[in-house]
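> Residue numbers (the UniProt record's numbering): 1 to 442.
For glycine and all other residues, C-beta sits at the position ideal for the given N, C-alpha and C.
Bear in mind the structure is a predicted one, so any value in this text is a computation, not a measurement.
To start, I am sharing the structure in question, which I have written as structure tokens.
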């Protein structure tokens, strides 16, 4: 059974062909969508049509014969984000990196009004801020970009969403399986804008007029990219920790509702919906791979300030990685990479401490940053939560290509790190879920 998985990410779009009856993931393609829009400070917006155009480009890269045999389509993508539309008019997608609510001084008020631990970039916060500015009246529908993509592929006029995306907006009620309507009303969000919540993996329609894909192919409800990445790489869900370093960072593990009962998560930890009644305990710092890229950018800024030519980014980042591997961790400064704040504390800043006259060198700084990126994940959970876990499953380019990061992961968790052969893990997870859903329905 050949299935197609599409991941509508923060910076790129990926697509995979997946056959659970054969060797799993087959052809995988990806491209940067270049959808970021120029915005006011603190705002983060993207052009949805550019993202959709990138999806169509990827479909054109896949073998037409195989694409024509696809029996199901699974979708995933960036969580927390919001896009609105009415008729043929489409708003910019406001992404999870948006900070307009705290910039306007409204975030704490929104938390109080809703009674929920909301954060900048959460869909409910974005909608509340847009409502406060009188910018919602013109729109009929609101959804995550991936849910909007589902309407484009199926021709459905109205979106639906699943618990993973609904929870990422910050006002999902797990007890009812729907929206916290009281919180939404308190935030000034028109209740009619909130898409109906359906079970994860539900078939939400069939393809219609999608280049390269036959009409009538079932499309599954989009599944959050965090959960999809776990599903795409997991072998033993209950024995593994799942660590992803992309633009941001995520450390996740699957737990039962019984295990979560009576546990109060630390501020940096969320309990997110998963599959089959299970939960995903997640910490998601805003700076993961982006912190590593920051160091490369800083070095090039120093070179430019000295009148020297900057180095190509990949060459520079590879060299920084090699330098970090040359030094031990005892002498490195301590780097706390909160360069974008954190969801639970937007006012938190990054820092470099423990500097001496001898240790402030580029190799030590690179080593300290690698350790800090991983420590920012591991320190969010008490160590007892790692008990009965046998390995860390790593994904994302920063894990795959950065040896100093891999070394720090094994040191932090005292567990072996496995990087599986799966590429575009979130897209694979979406494809796996779609295949499962079609088989259940059949």
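(1) Looking only at C-alpha atoms, which of 303, 40, 138 and 379 sits nearest to residue 104?
(2) Taking the C-alpha atoms as reference points, what is the distance between residue 421 and residue 393?
(3) List, from N- to C-terminal side, the beta strand (DSSP E) runs of 3 residues or more that fit wholly inside the stretch 178 to 253.
(4) Note down the Cα distance separating residue 10 from residue 95, rounded to an integer number of angstroms.
(5) Measuring only the C-alpha atoms, how far is residue 428 from residue 334?
(6) Going straight from the alpha carbon of residue 400 to that of residue 289, what length do you get?
(7) In angstroms, rounded to a whole number, what distance separates the CA positions of residue 32 and residue 53?
(8) According to DSSP, which residues form a beta bridge with residue 470?
(9) If I measure Cβ to Cβ from residue 433 and keep anything under 8 Å in the same chain, skipping five residues before and after, which residues do I get?
(10) Just curious, the alpha helix (DSSP H) that residue 260 is in, first and last residue?
(11) Measuring CB atoms only, is the stretch 349 to 360 touching the stretch 315 to 333, in the sense that at least three cross pairs come out at less than 8 Å?
(12) Bridge partners for residue 173 per DSSP, in chain order?
(13) Within 10 angstroms of the Cβ of residue 98, are there 16 or more other Cβ atoms? Answer buried if so, exposed if not.
(14) Taking all protein chains shown into account, do 16 or more other C-beta atoms lie within 10 angstroms of the C-beta of residue 269, making it buried, or fewer, making it exposed?
(15) Below 8 Å between beta carbons: does that hold for residue 366 and residue 295?
(16) According to DSSP, simplified to helix, strand and coil, what is residue 294?
(17) Going by beta-carbon coordinates alone, are residue 380 and residue 251 separated by less than 8 Å?
(18) Please report the distance separating the alpha-carbon of residue 135 from that of residue 127.
(19) Per DSSP, residue 46 forms a beta bridge with which residues?
(20) So residue 244 and residue 396 are in contact, right, with Cβ under 8 Å, and what is the actual spacing, rounded?
(21) Could you give the DSSP three-state label for residue 99: helix, strand or coil?
(22) Rounded to the nearest angstrom, what separates residue 211 and residue 115 at their Cα positions?
(23) Here's the rule: buried if 16 or more other CB atoms are within 10 angstroms of the residue's CB, otherwise exposed. What is residue 180?
(24) Take the Cβ of residue 34 as the centre, count every other Cβ of all protein chains shown within 10 Å, and call the residue buried at 16 or more, exposed below.
(25) Classify residue 273 as helix, strand or coil using the three-state DSSP reduction.
(26) Can you tell me where the alpha helix (DSSP H) holding residue 428 begins and where it ends?
(27) I need the straight-line Cα distance from residue 133 to residue 187, nearest angstrom please.
(28) Any idea what DSSP makes of residue 400, helix, strand or coil?
(29) Report the three-state DSSP secondary structure of residue 135 (helix, strand or coil).
(30) Skipping 5 residues on each side, what residues in its chain have a beta carbon closer than 8 Å to that of residue 260?
(31) Residue 446 bridges to which residues according to DSSP?
Result, derived from the coordinates:
(1) The residue you call residue 104 lines up with position 104 of the chain shown. Of the candidates 303, 40, 138 and 379, the residue whose Cα lies closest to the Cα of residue 104 is 40.
(2) Residue 421 sits at position 421 when you count from the first residue of the chain shown. Residue 393 sits at position 393 when you count from the first residue of the chain shown. Taking the straight line from one Cα to the other gives about 11 Å.
(3) Along the stretch 178 to 253, the beta strand (DSSP E) occurs as fully enclosed runs of 3 or more residues at 203 to 206, 218 to 220 and 240 to 245, listed in sequence order.
(4) Against the chain shown, residue 10 aligns to sequence position 10. Against the chain shown, residue 95 aligns to sequence position 95. The straight-line gap from Cα to Cα measures roughly 8 Å.
(5) Working through the chain shown from its first residue, we reach residue 428 at position 428. Working through the chain shown from its first residue, we reach residue 334 at position 334. When rounded, the distance between both Cα atoms is 36 Å.
(6) What you label residue 400 is simply residue 400 of the chain shown in a count that begins at 1. What you label residue 289 is simply residue 289 of the chain shown in a count that begins at 1. If I take the Cα positions, the gap works out to 11 Å.
(7) Stepping through the chain shown from its first residue, residue 32 is reached at position 32. Stepping through the chain shown from its first residue, residue 53 is reached at position 53. The alpha-carbon of residue 32 is positioned some 11 Å away from that of residue 53.
(8) Here the chain comprises residues numbered 1 to 442, so residue 470 is not present and cannot be evaluated.
(9) Counted from its first residue, the chain shown places residue 433 at position 433. Within the same chain, 74, 200, 201, 220, 223, 228, 231 and 275 come within 8 Å of residue 433 by CB-CB distance, once the 5 residues on both sides are set aside.
(10) Taking the chain shown and counting its residues from 1, one reaches residue 260 at position 260. Start and end: 257 to 260.
(11) Yes: at least three Cβ pairs fall under 8 Å.
(12) For the purposes of this step, residue 173 is taken as the residue at position 173 of the chain shown. According to DSSP, which records beta bridges pairwise, residue 173 is partnered with 178.
(13) Locating residue 98 in the chain shown gives position 98, counting from the first residue. That one is buried.
(14) If you number the chain shown from 1, residue 269 lands on position 269. So residue 269 ends up on the buried side.
(15) Stepping through the chain shown from its first residue, residue 366 is reached at position 366. Stepping through the chain shown from its first residue, residue 295 is reached at position 295. In contact: residue 366 and residue 295 (Cβ atoms closer than 8 Å).
(16) Walking along the chain shown from the start, residue 294 turns up at place 294. Helix, per DSSP.
(17) On the chain shown, position 380 is the one that residue 380 refers to. On the chain shown, position 251 is the one that residue 251 refers to. Result yes, Cβ atoms of residue 380 and residue 251 sit closer than 8 Å.
(18) Position 135 of the chain shown holds residue 135. Position 127 of the chain shown holds residue 127. One C-alpha to the other measures close to 9 Å.
(19) Mapped onto the chain shown, residue 46 falls at position 46. The partner list for residue 46 (beta bridge, DSSP) reads 36 and 93.
(20) On the chain shown, residue 244 is found 244 positions in, with the first residue counted as 1. On the chain shown, residue 396 is found 396 positions in, with the first residue counted as 1. Residue 244 to residue 396, Cβ: 5 Å. Contact.
(21) Working through the chain shown from its first residue, we reach residue 99 at position 99. Three-state result, residue 99: coil.
(22) Translated into the one-based positions of the chain shown, residue 211 becomes position 211. Translated into the one-based positions of the chain shown, residue 115 becomes position 115. Near 45 Å, if we compare the C-alpha coordinates of residue 115 and residue 211.
(23) The residue you call residue 180 lines up with position 180 of the chain shown. So residue 180 counts as buried.
(24) As a first step, residue 34 must be located in the chain shown, where it is residue number 34. Exposed: under 16 other Cβ atoms inside 10 Å.
(25) On the chain shown, residue 273 is found 273 positions in, with the first residue counted as 1. Strand at residue 273.
(26) Counting from 1 along the chain shown, the entry for residue 428 is found at position 428. Residues 425 to 441.
(27) Within the chain shown, the letter at position 133 stands for residue 133. Within the chain shown, the letter at position 187 stands for residue 187. Taking the straight line from one Cα to the other gives about 12 Å.
(28) By 1-based counting over the chain shown, the position of residue 400 is 400. In the three-state DSSP reduction, residue 400 falls in the helix class (H, G or I).
(29) Within the chain shown, the letter at position 135 stands for residue 135. If DSSP states are grouped into helix, strand and coil, residue 135 belongs with coil.
(30) By 1-based counting over the chain shown, the position of residue 260 is 260. Taken in chain order, the residues that qualify are 271, 279 and 281.
(31) Absent from the model: residue 446. The displayed extent of the chain is 1 to 442, so no value can be given.
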